[in-house]
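Line by line, the protein sequences give chains A and B.
For the record, in the first sequence the residue sitting at position 143 is 143 according to the working numbering, with numbers rising by one throughout.
For the record, in the second sequence the residue sitting at position 3 is 3 according to the working numbering, with numbers rising by one throughout.
Using N, Cα and C, we set each Cβ at its ideal position, and we do this for glycine too.
A short write-up of the structure that comes next.
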Amino acid sequence: VNVIHWLTAAAHWSGENGIPVRTFEHLQLSGAAMALALLIALPAGVIVGHTRRGSVAAVTIANLGRSVPSFAVLVLAFIAFLRLAPRLAFGFGPTVVALALLAIPPIVTNTVVAVQGVDPDAVDAARGMGMSGRRVLFGLELPLAAPLIMAGIRIAAVQVVATATLSALIAGGGLGRYIVDGFAQGDHVQASAGAVLVAALAILTELVLGGVARVVAPRTTSGRGHWVAVRQRAR
Amino acid sequence: VIVLADAEPIIRWSWIGEHLGQIRSQVAQHIELTLIAVVIGFAIAFPLSLLAHRKRWTYAPITWVTGVLYTIPSLSLFVLLVPITGLSVTTVEVGLVSYTLLILIRNTVAGLSSVPQDVKEAARGMGHSPRQLLWRVELPLALPVIIAGIRIATVSTIALVTVGALVGKGGVGLFILEGLRTLFQTEIVMGALLSAALALSADALLFLLQRRLTPWSREPGRDPA
Numbered sequence: 001v002n003v004i005h006w007l008t009a010a011a012h013w014s015g016e017n018g019i020p021v022r023t024f025e026h027l028q029l030s031g032a033a034m035a036l037a038l039l040i041a042l043p044a045g046v047i048v049g050h051t052r053r054g055s056v057a058a059v060t061i062a063n064l065g066r067s068v069p070s071f072a073v074l075v076l077a078f079i080a081f082l083r084l085a086p087r088l089a090f091g092f093g094p095t096v097v098a099l100a101l102l103a104i105p106p107i108v109t110n111t112v113v114a115v116q117g118v119d120p121d122a123v124d125a126a127r128g129m130g131m132s133g134r135r136v137l138f139g140l141e142l143p144l145a146a147p148l149i150m151a152g153i154r155i156a157a158v159q160v161v162a163t164a165t166l167s168a169l170i171a172g173g174g175l176g177r178y179i180v181d182g183f184a185q186g187d188h189v190q191a192s193a194g195a196v197l198v199a200a201l202a203i204l205t206e207l208v209l210g211g212v213a214r215v216v217a218p219r220t221t222s223g224r225g226h227w228v229a230v231r232q233r234a235r
Numbered sequence: 001v002i003v004l005a006d007a008e009p010i011i012r013w014s015w016i017g018e019h020l021g022q023i024r025s026q027v028a029q030h031i032e033l034t035l036i037a038v039v040i041g042f043a044i045a046f047p048l049s050l051l052a053h054r055k056r057w058t059y060a061p062i063t064w065v066t067g068v069l070y071t072i073p074s075l076s077l078f079v080l081l082v083p084i085t086g087l088s089v090t091t092v093e094v095g096l097v098s099y100t101l102l103i104l105i106r107n108t109v110a111g112l113s114s115v116p117q118d119v120k121e122a123a124r125g126m127g128h129s130p131r132q133l134l135w136r137v138e139l140p141l142a143l144p145v146i147i148a149g150i151r152i153a154t155v156s157t158i159a160l161v162t163v164g165a166l167v168g169k170g171g172v173g174l175f176i177l178e179g180l181r182t183l184f185q186t187e188i189v190m191g192a193l194l195s196a197a198l199a200l201s202a203d204a205l206l207f208l209l210q211r212r213l214t215p216w217s218r219e220p221g222r223d224p225a
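In structure tokens:
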């Protein structure tokens with residue numbers, strides 16, 4: 001109940017430490033990290049998947065991505081920045097790099113498996129009709145692979161939004177500030193309010209990207225299932 | 001501005017030598033927290049999976065609820081639980097368990113529904129009751145996929161335990177947090193490496209277990225669809 005009071009208090013909706021500002025920071029961090037991750041992961045996944053020699057790579061990346069704790073990646077990125085570029089260590093830099101590193105495995109794995117999983121007969125038929133490698137890729141493989149690729153992006157995005165919370169631990173911004181500050185000050189109401197906000201944002205991300213997926217790649221039903229299924233298929 | 005000593009090595013081995021006892025006990029706590037979470041998670045997920053398998057209409061609501069639990073960030077869940085359960089093992093476990101449910105249920109149901117219809121018909125024809133069919137035919141055949149789910153859940157849980165350090169119980173995550181507070185690189189690197197090593201060895205162990213239990217399946221955890 002106190003949490004609701006906190007969330008609805010006008011004072012918490014304005015200023016430097018207000019909910020809109022913190023939410024915007026959170027989305028900025030997540031968005032920048034996702035952009036960076038997509039820039040690296042999509043081309044890499046498409047190339048490996050197109051050559052159809054990627055199942056081992058896909059599984060290895062998925063395994064490694066899952067076994068390295070996100071918390072550790074974030075802290076290590078912070079330390080690396082302190083050593084190499086101390087001036088940037090207290091800004092967006094370490095968080096964006098760490099979050100991008102976390103987002104890459106699910107996107108790469110899903111992309112590899114999706115492109116590789118396109119029916120070989122369809123690819124042969126397309127080649128037989130005289131389509132070039134590039135046209136096979138863009139006209140056939142990518143559209144067919146789109147639902148799985150979108151599922152990977154969605155999983156990555158939800159994970160990024162959730163983990164961006166930890167950025168507050170390394171002096172970053174975002175909604176995690178409320179949780180970390182609330183904890184430090186023994187203010188459980190503030191911490192809980194922050195937790196509610198982050199959870200809501202994560203669920204919202206899932207729903208919005210689910211909607212996007214339905215428009216872009218209509219055959220996707222459920223993202224997470226693919227992440228699970230993908231790993232099994234790749235084995 | 002905080003500055004790290006330039007001469008600081010990536011890992012200071014002497015520190016590790018001096019803290020072997022503490023390292024051992026945190027690793028033990030990490031394994032314990034993971035085991036409890038996966039065992040309880042499976043104890044909850046298994047009956048729900050059977051229900052979803054028997055009564056198809058329950059599958060959507062079950063995965064919806066567990067999906068929401070899966071989406072809520074672990075730190076949020078831990079923080080929301082602290083006023084109720086305090087800085088305790090319970091707080092961490094509730095978060096960890098709720099995170100495993102979706103993975104375990106999805107795989108168990110997928111495994112059960114991958115059993116071919118004619119195999120089930122044959123078993124029924126031989127006079128198997130529904131219970132016998134489940135325990136003697138469906139579950140053994142679904143085992144590779146079920147264990148694949150347990151592997152994913154275990155590896156994710158091991159990684160997630162580190163976040164528990166923030167609410168007082170985090171296995172080797174404690175070293176990462178301490179290292180961050182004192183900016184001591186050795187502890188951070190060691191915590192990260194230990195956690196990853198635990199996850200990879202658990203994955204390998206479960207893989208071997210699955211090989212032992214289902215010697216007939218050459219392609220473990222193959223996708224049923």
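Query raised in the report: What does B/Gln-185 reach in chain A if we use C-beta pairs closer than 8 Å?
Result: By Cβ distance, chain A contributes Ile-79.
Query raised in the report: Mapping DSSP to helix, strand and coil, what is B/His-53?
Result: Helix at B/His-53.
Query raised in the report: How long is the line joining the alpha carbons of B/His-53 and B/Val-172, rounded to whole angstroms?
Result: Looking at the backbone, the Cα of B/His-53 and that of B/Val-172 are separated by about 38 Å.
Query - Rounded distance between the beta-carbons of B/Ile-158 and B/Ala-199, thought under 8 Å - result: Yes, B/Ala-199 and B/Ile-158 are in contact; Cβ-Cβ is about 4 Å, under 8 Å.
Requested in this report: For A/Leu-209, return the contacting residues in chain B, with the cut-off set at a CB-CB distance below 7 Å.
Outcome: Those do not exist, as A/Leu-209 stays about 11 Å from chain B at its closest Cβ, beyond 7 Å.
Query raised in the report: Of all the alpha helix (DSSP H) runs that stay within the bounds of the stretch 90-151 of chain A, which reach a length of 4 or more residues?
Result: Qualifying alpha helix (DSSP H) stretches, in chain order: 93-116, 120-128, 133-136.
Requested in this report: Taking a Cβ distance cut-off of 8 Å, strictly less, list which residues of the stretch 185-212 of chain A are near chain B, in chain order.
Outcome: The residues in question are His-188, Ala-191, Ser-192, Gly-194, Ala-195, Val-196, Val-198, Ala-199, Ala-202, Ile-203, Glu-206.
Query raised in the report: Among A/Gly-130, A/Leu-166, A/Arg-53, which one has its Cα closest to the Cα of A/Leu-99?
Result: Of the listed residues, the one whose Cα sits closest to A/Leu-99 is A/Leu-166.
**Report entry** Any chain A beta carbon closer than 8 Å to B/Gly-95
**Finding:** Cβ-Cβ to chain A under 8 Å: no for B/Gly-95.
Requested in this report: Would you tell me roughly how many angstroms separate the C-alpha atoms of B/Val-82 and A/Gly-186, rounded to the nearest one?
Outcome: Cα to Cα, the separation comes out at about 11 Å.
Report task. Could you tell me the boundaries of the alpha helix (DSSP H) in which A/Asn-2 lies? Result -> Judged by DSSP secondary structure, A/Asn-2 falls within the alpha helix (DSSP H) whose first and last residues are 2-8.
Query raised in the report: Within this structure, are the beta carbons of A/Val-112 and A/Gly-45 separated by less than 8 Å?
Result: Less than 8 Å divides the Cβ of A/Val-112 from the Cβ of A/Gly-45.
Report task. With DSSP collapsed to three states, give me the class of B/Gln-29. Result -> Helix, per DSSP.
Query raised in the report: When the Cα atoms are used, what is the spatial distance from A/Gly-172 to A/Phe-90?
Result: One C-alpha to the other measures close to 7 Å.
Requested in this report: For B/Leu-208, count neighbouring C-beta atoms within 10 Å of its own C-beta (all shown protein chains included) and say buried if the count is 16 or more, exposed if not.
Outcome: Taking all protein chains shown into account, B/Leu-208 has fewer than 16 neighbouring C-beta atoms within 10 Å of its C-beta and is therefore exposed.
Report task. Report yes or no: do three or more beta-carbon pairs, one from the stretch 90-102 of chain B and one from the stretch 32-51 of chain B, lie closer than 8 Å? Result -> Contact between the stretch 90-102 of chain B and the stretch 32-51 of chain B is present: 3 or more CB-CB pairs across the two stretches fall below 8 Å.
Query raised in the report: Would you call B/Gly-191 buried or exposed, if buried means 16 or more other Cβ atoms sit within 10 Å of its Cβ?
Result: Flag for B/Gly-191 reads buried.
Query raised in the report: Between B/Ile-72 and A/Ala-202, is the Cβ-Cβ spacing less than 8 Å?
Result: Annotated as proximal: B/Ile-72 and A/Ala-202, with beta-carbon spacing under 8 Å.
Query raised in the report: Which residue comes first and which comes last in the alpha helix (DSSP H) that contains B/His-128?
Result: Looking at the DSSP string, B/His-128 is not in any alpha helix (DSSP H), and its letter there is neither H nor E.
Report task. Less than 8 Å between the CB atoms is what I'm expecting for A/Ala-96 and A/Ala-145, so what's the real figure, rounded? Result -> Here residue 96 of chain A turns out to be Val, not Ala, going by the sequence shown. The pair is not a contact, with the Cβ atoms about 27 Å apart (cut-off 8 Å).
Requested in this report: Please determine, among A/Val-215, A/Gly-210, A/Gly-18, the residue with the shortest C-alpha to C-alpha distance to B/Gly-67.
Outcome: Distances from the alpha-carbon of B/Gly-67 to those of A/Val-215, A/Gly-210, A/Gly-18 put A/Gly-210 closest.
Requested in this report: Using a Cβ-Cβ cut-off of 8 Å, state whether B/Ile-36 counts as contacting chain A.
Outcome: No, its Cβ sits nowhere closer than 8 Å to a Cβ of chain A.
Query raised in the report: Between the C-alpha atoms of A/Val-21 and A/Ala-9, what's the straight-line distance to the nearest angstrom?
Result: Going by the C-alpha atoms only, they are around 15 Å apart.
Query raised in the report: Using the rule of at least 16 other Cβ atoms within 10 Å of the residue's Cβ for burial, across every protein chain shown, is B/Ser-201 buried or exposed?
Result: Exposed, because fewer than 16 other Cβ atoms sit within 10 Å of the Cβ of B/Ser-201.
Requested in this report: Go ahead and pull the three-state DSSP assignment for B/Ile-136.
Outcome: Checking the displayed sequence, the identity of residue 136 of chain B turns out to be Arg instead of Ile. The answer is helix: DSSP assigns B/Arg-136 an H, G or I state.
**Report entry** Assigned exposure category for B/Arg-24 - 16 Cβ within 10 Å defines buried
**Finding:** With fewer than 16 other Cβ atoms within 10 Å, it is exposed.
Query raised in the report: Terminal residues of the continuous alpha helix (DSSP H) containing B/Ile-176?
Result: DSSP places B/Ile-176 in the uninterrupted alpha helix (DSSP H) bounded by 173-182.
Query raised in the report: Which value, in whole angstroms, describes the spacing of the CA atoms of B/Leu-104 and B/Gly-149?
Result: Distance between the alpha carbons of B/Leu-104 and B/Gly-149 is about 5 Å.
Query - Per-residue contacts from A/Ala-162 into chain D (C-beta, under 7 Å) - result: The structure shown contains no chain D; its protein chains are A and B.
Query raised in the report: To which residues of the same chain is A/Leu-140 closer than 8 Å at the C-beta, ignoring the five residues directly before and after it?
Result: Once the five neighbours on either side are set aside, the close Cβ partners of A/Leu-140 are Val-118, Ala-122, Val-123, Ala-126, Met-131.
Query raised in the report: Say the cut is 7 Å; is the CB of B/Gly-164 nearer than that to a heavy atom of the ligand PLP?
Result: In the structure shown, the ligand PLP is absent, as is every other ligand, since no ligand is present at all.
Query raised in the report: For the alpha helix (DSSP H) that A/His-188 lies in, which residues bound it at each end?
Result: Secondary structure note for A/His-188: its alpha helix (DSSP H) is the uninterrupted segment 188-216.
Report task. Starting from A/Leu-175, trace the alpha helix (DSSP H) both ways and give me its first and last residue. Result -> Per DSSP, A/Leu-175 belongs to no alpha helix (DSSP H) and is neither H nor E.
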